[in-house]
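Trainee: Here it is, the structure, as structure tokens.
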Amino acid sequence: MSPTLVVRGIATLLALVAYATHPAIAQQDNAFAIVTVDVIPMDSERLLEKQVVIVEDGSIQSISDAASTQIPADLDRIDGSGRYLMPGLADLHIHLRNEDELINYLAWGVTTVMHLGGSGGPGHRHIEYRDEIRSGARLGPNIYTTDRILDGDPAIATGAHSVSTEDDARRIVRDLRANGYDFVKIYNNVSQPVFNAIVDEARSQNLPVFGHIPRNFDPLTALGSGQDAIAHTEELFFTYFGGPRSTENMTRNYEPDMDKLPALIEVLKANDVALMPDLCFTFGNLLMWDSLDHLWTDPELPYLHPNTASMWAGGNINRRSEIENFILRGQWKYNLLQSLTLAFQKAGILQVIGTDASLPGLFPGKAAHRELTELIKAGLTNFEALSIGSRNAGEFVRRYIDEDVRFGQVLPGYRADLVLLDSNPLEDVRNAKDVRGVAVNGRYLDRSELDQRRDSLRRRYEAMSAVNDEIDLTINGEDIGARVRAIVATHRGDSEIEESIESRINAAGYAAVFADDLGRAEHLLALNTELFPE
């Protein structure tokens, strides 16, 4: 088949699936009853057998025994016989790169997410997604979000605000509040005066402060001076327990001083600091060093955006220098994180799931289930792990973001963010993957609707991947300009395809620069500028 016919065929396929991928959400009556279901309320470790759960106006109205409950005739009924109802899971550390990821979170029973900045384009997009989901105009998990990360000068985090003065810190925090964001995120290189200004202004603006632990001053000072949550428990490895920050010329005999743990726990409890263990991030890095095959054969891969998959291929940990040192350090870190997670659980410190999805190896939605199994490996019980993934998230949002919100438990008056499961997760936390249906803000989707929506994603991604493959083939062949122009002309108006093409040509141009093929680099980058002048 000629390249032109291939491109036309792809365009036709894209047109066929585009509507199914992003359909308008019809306004509907969200009142229903889940009948004869075993309820895991998550207020304590208990199971309520054969219940009727009635949902109206986005909230749980009642929970009662099925044998004695009269169900209003006008309510839709969902058969829960032999199934288990628990609160939806929450992943409170994600990087939302594409709106398509939202349906993947729901398909895995994740009904609340928190975007910690640093990816996914302008932050206002996430504000729009958040508000549309709350109003019922968009389907997805409830979102809490910030804009760009606040870092020091120079900024280490890509795309972060480089904050060098206290005045700049206060101005940026005020802008976050004025623009409707939910919290402030800080990063490694923030100085102590800037940190103090951020925290003070955030308090006056009623915004919490989450993020990394600054590495320019004593970590207990930061944790005792207003930082509300640590985005990865691994930050304590680098700041408090003296783990090597660089793998270059790294000594190979690290042992954490666990005698320091009681003082840390005292500061965390006294200052109400929450943590995200994020064990799956470090464990995932160790897995990727062994082999990347598990990524490219994972059943979830067809539902991963092609641009994200390309990022994973080019940006996974195997690209790091000093890789053997990096992995050894990762093993030290992983062992410490397991010990700390169990110790913090016993001490009653608030911990929540935060996975860093969609960084390499962390599939949106599925990563939360990897974190559940990691919590079990750290020594927690099934109920404790499920609490960290549901009830604790509701407490976290009430404590730091919105004191009026109620979710994370199956109780009357709570937001109807629910997951209907085929098997009991209290017996095996892996059973939380067996999602039969999900409700978010009181709207119920059964497995067939979730699968239908995801199948639309898969078909669109197949088409996008075909375009990407055609571009890659073209820019490595003859007559690059004419053939690329033809492909671009076919897909003008499809911003997603245009962005992907521009990115691939740009990457090829810079690869030519690094290969010292300046003639090819000039040709590709000039062509890209011509095609995408903005």
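In my numbering, the protein residues as written are 504 to 1037.
For glycine and all other residues, C-beta sits at the position ideal for the given N, C-alpha and C.
Please read these numbers as outputs of a predicted model, since none were measured by experiment.
Are the CB atoms of L679 and D650 nearer to each other than 8 Å?
Mentor: Mapped onto the sequence shown, residue 679 falls at position 176. Mapped onto the sequence shown, residue 650 falls at position 147. Yes, these two residues count as a Cβ contact at 8 Å.
Trainee: Run the CB neighbour count on N979, radius 10 Å, all protein chains shown included, and call it buried at 16 or more, exposed below.
Mentor: Taking the sequence shown and counting its residues from 1, one reaches residue 979 at position 476. Exposed, since its Cβ has fewer than 16 Cβ neighbours within 10 Å.
Trainee: Determine the burial state of S505: buried for a count of at least 16 other Cβ atoms within 10 Å of its Cβ, exposed for fewer.
Mentor: Mapped onto the sequence shown, residue 505 falls at position 2. Any reading at S505 is ruled out, since the residue's pLDDT is 39, under 50, leaving its predicted position unreliable.
Trainee: So T858 and I597 are in contact, right, with Cβ under 8 Å, and what is the actual spacing, rounded?
Mentor: On the sequence shown, position 355 is the one that residue 858 refers to. On the sequence shown, position 94 is the one that residue 597 refers to. Indeed they touch by this definition, with Cβ atoms about 7 Å apart.
Trainee: Please classify R939: does DSSP put it in a helix, a strand, or coil?
Mentor: Walking along the sequence shown from the start, residue 939 turns up at place 436. Three-state result, R939: strand.
Trainee: The alpha helix (DSSP H) with E552 in it runs from where to where?
Mentor: Working through the sequence shown from its first residue, we reach residue 552 at position 49. From DSSP, E552 is part of no alpha helix (DSSP H) but of the beta strand (DSSP E) over L551 to E559.
Trainee: Shortest alpha-carbon distance to S842 belongs to which of G864, R918, S824 and D762?
Mentor: Here the question's residue 842 lines up with position 339 in the sequence shown. Of G864, R918, S824 and D762, the residue nearest in Cα terms is D762.
Trainee: Within its chain, find whatever has a CB closer than 7 Å to the CB of T615; leave out the 5 residues flanking it on each side and keep chain order.
Mentor: Within the sequence shown, residue 615 is the residue found at index 112, counting from 1. Cβ within range, chain order: G591, A593, P644, N645, A896, F910 and D920.
Trainee: How would you label T800, buried or exposed, when you count the other beta carbons within 10 angstroms and need 16 or more for buried?
Mentor: Taking the sequence shown and counting its residues from 1, the one referred to as residue 800 is at position 297. Flag for T800 reads exposed.
Trainee: Using three-state DSSP, classify D949 as helix, strand or coil.
Mentor: Taking the sequence shown and counting its residues from 1, the one referred to as residue 949 is at position 446. In this structure, D949 counts as strand in the three-state DSSP scheme.
Trainee: So I904 and D685 are supposed to be a Cβ contact under 8 Å. How far apart are they, rounded?
Mentor: Position 401 of the sequence shown, counting from 1, holds the residue named residue 904. Position 182 of the sequence shown, counting from 1, holds the residue named residue 685. That pair is a contact at about 5 Å.
Trainee: Which word fits T754, buried or exposed, when buried means at least 16 other C-beta atoms lie within 10 angstroms of its C-beta?
Mentor: Counting from 1 along the sequence shown, the entry for residue 754 is found at position 251. Counting Cβ neighbours within 10 Å, T754 comes out exposed, since fewer than 16 surround it.
Trainee: Residues in the same chain with beta-carbon distance under 7 Å from Q531, minus the five sequence neighbours each way, listed in chain order, please.
Mentor: Locating residue 531 in the sequence shown gives position 28, where the first residue counts as 1. In this predicted model, Q531 has a pLDDT of only 46, less than 50, meaning its place in the structure is not dependable; the value taken from the coordinates is given anyway. Nothing meets the Cβ criterion.
Trainee: Need the endpoints of the beta strand (DSSP E) that T844 sits in, please.
Mentor: What you label residue 844 is simply residue 341 of the sequence shown in a count that begins at 1. No beta strand (DSSP E) holds T844; the alpha helix (DSSP H) holding it covers I826 to A850.
Trainee: Out of curiosity, what's the CA-to-CA distance linking A1029 and F866?
Mentor: The sequence position of residue 1029 within the sequence shown is 526, counting from 1. The sequence position of residue 866 within the sequence shown is 363, counting from 1. Their Cα atoms are separated by approximately 35 Å.
Trainee: Going by alpha carbons, who is nearest to V555 out of E874, V913, G996 and R957?
Mentor: To locate residue 555, count along the sequence shown from 1; it is residue 52. Comparing Cα-Cα distances from V555 to each of E874, V913, G996 and R957, the minimum goes to V913.
Trainee: Give the straight-line distance between the Cα atoms of I537 and L878, rounded to the nearest whole angstrom.
Mentor: Here the question's residue 537 lines up with position 34 in the sequence shown. Here the question's residue 878 lines up with position 375 in the sequence shown. If I take the Cα positions, the gap works out to 30 Å.
Trainee: Thinking C-alpha only, which one of P696, N709, T742 and N752 is nearest S824?
Mentor: Here residue 824 is taken as the residue at index 321 of the sequence shown, counted from 1. Minimum Cα distance to S824 is reached at N752.
Trainee: Tell me the DSSP secondary structure of R511 in three-state form.
Mentor: Locating residue 511 in the sequence shown gives position 8, counting from the first residue. Only weak support is given to the placement of R511: the predicted model assigns it a pLDDT of 39, under 50, and the value that follows is read from those uncertain coordinates. R511 falls in the helix class under three-state DSSP.
Trainee: Mark G655 as exposed unless 16 or more other C-beta atoms lie within 10 angstroms of its C-beta, in which case mark it buried.
Mentor: For the purposes of this step, residue 655 is taken as residue 152 along the sequence shown, with counting starting at 1. With 16 or more other Cβ atoms within 10 Å, it is buried.
Trainee: Looking at C-beta atoms only, is the number of pairs between the region 793-809 and the region 762-776 that lie closer than 8 Å three or more?
Mentor: Flag = no, the region 793-809 and the region 762-776 do not touch.
Trainee: Would you mind sorting I652 into buried or exposed? The rule is 16 or more other CB atoms within 10 Å of its CB.
Mentor: To locate residue 652, count along the sequence shown from 1; it is residue 149. Buried, by the Cβ-count rule.
Trainee: Determine whether the beta carbon atoms of V932 and T876 lie at a separation below 8 Å.
Mentor: Working through the sequence shown from its first residue, we reach residue 932 at position 429. Working through the sequence shown from its first residue, we reach residue 876 at position 373. In this structure, T876 lies closer than 8 Å to V932 by Cβ.
Trainee: From the DSSP output, read off the bridge partner residues of P590.
Mentor: In the sequence shown, the residue the question calls residue 590 occupies position 87. P590 is bridged to L921.
Trainee: Give the DSSP-derived three-state secondary structure of E904 in the structure shown.
Mentor: The residue given as residue 904 occupies position 401 in the sequence shown. In the sequence as displayed, the identity of residue 904 is Ile instead of Glu. I904 falls in the coil class under three-state DSSP.
Trainee: Express the C-alpha separation of G620 and H664 in angstroms, rounding to a whole number.
Mentor: To locate residue 664, count along the sequence shown from 1; it is residue 161. To locate residue 620, count along the sequence shown from 1; it is residue 117. In a straight line, the C-alpha of H664 is about 11 Å away from that of G620.
Trainee: Can you tell which of P544, M545, M617 and L771 has its C-alpha closest to the C-alpha of Q730?
Mentor: Taking the first residue of the sequence shown as 1, we reach residue 730 at position 227. For the residues P544, M545, M617 and L771, the minimum Cα distance to Q730 belongs to L771.
Trainee: Can you list the alpha helix (DSSP H) stretches of 4 or more residues lying completely in the region 949-993, in chain order?
Mentor: Whole alpha helix (DSSP H) segments, 4+ residues: 950-978 and 983-993.
Trainee: Determine the contact status of V900 and Y587, defining contact as a CB-CB distance below 8 Å.
Mentor: Counted from its first residue, the sequence shown places residue 900 at position 397. Counted from its first residue, the sequence shown places residue 587 at position 84. No; because the gap between Cβ atoms is not below 8 Å, this pair is not in contact.
Trainee: Please confirm whether Q834 and L789 have their CB atoms less than 8 Å apart.
Mentor: For the purposes of this step, residue 834 is taken as the residue at position 331 of the sequence shown. For the purposes of this step, residue 789 is taken as the residue at position 286 of the sequence shown. In this structure, L789 lies closer than 8 Å to Q834 by Cβ.
Trainee: May I have the straight-line CA-CA distance separating P717 from E887, to the nearest angstrom?
Mentor: Here residue 717 refers to the residue found at position 214 when the sequence shown is read from its first residue. Here residue 887 refers to the residue found at position 384 when the sequence shown is read from its first residue. Going from the Cα of P717 to the Cα of E887 covers about 30 Å.
Trainee: Helix, strand or coil: how does DSSP classify R580 here?
Mentor: Counting from 1 along the sequence shown, the entry for residue 580 is found at position 77. Residue state, collapsed to three classes: strand.
Trainee: I need the DSSP call for I630, collapsed to helix, strand or coil.
Mentor: To locate residue 630, count along the sequence shown from 1; it is residue 127. I630: helix per DSSP, three-state reduction.
Trainee: How should A966 be labelled, buried or exposed, when 16 other C-beta atoms within 10 angstroms of its C-beta is the threshold for buried?
Mentor: To locate residue 966, count along the sequence shown from 1; it is residue 463. Burial call: buried.
Trainee: Let me check understanding here. Comparing Cα to Cα, which of G882, D582, V540 and D546 lies closest to S567?
Mentor: In the sequence shown, residue 567 corresponds to position 64, counting from 1. Of the listed residues, the one whose Cα sits closest to S567 is V540.
Trainee: Classify Y1013: buried if its beta carbon has 16 or more other beta carbons within 10 angstroms, exposed otherwise.
Mentor: On the sequence shown, residue 1013 is found 510 positions in, with the first residue counted as 1. That one is exposed.
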